[in-house]
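Residue numbers (the numbering used here): 88 to 192.
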């Protein structure tokens with residue numbers, strides 16, 4: 088989507104695959120959880136349409152359910168600091184606000 092080929096067969100298939108994965112309990116478990124959440128959010132937002140509308144609540148649920156009481160997000164096994172994870176979680180949650188010009192539709 089970011090390469091300018093909007094809503095072609097390949098990106099639609101990738102979006103459907105990603106959406107199916109987010110139906111599971113922990114779709115991006117592992118060492119790069121917040122990195123994966125961030126780029127999943129970008130890809131699906133750029134895909135847009137009903138795909139984003141269906142995906143966004145799943146994404147938000149995945150991110151918000153791990154937020155700690157102090158507002159931060161905990162790192163995974165080797166994902167870095169709470170500051171990194173919190174920053175990536177916030178960036179993923181804010182994708183639809185199009186703060187970075189390169190990611191605007």
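Even glycine gets a Cβ: it sits at the ideal position worked out from N, Cα and C.
Bear in mind that the values here come from a model prediction, so they are computed numbers and not experimental data.
- Secondary structure at residue 138: helix, using DSSP grouped into helix, strand and coil.
- DSSP, read as helix, strand or coil, puts residue 148 in helix.
- Less than 8 Å separates the beta-carbon of residue 155 from that of residue 161.
- Residue 110 carries a coil assignment under DSSP once its states are collapsed to helix, strand and coil.
- Here DSSP, grouped into helix, strand and coil, assigns residue 105 to helix.
- With fewer than 16 other Cβ atoms inside 10 Å of its own Cβ, residue 97 counts as exposed.
- Assigned with DSSP and collapsed to three states, residue 129 falls in helix.
- For residue 170, the uninterrupted alpha helix (DSSP H) run begins and ends at 169 to 180, by DSSP.
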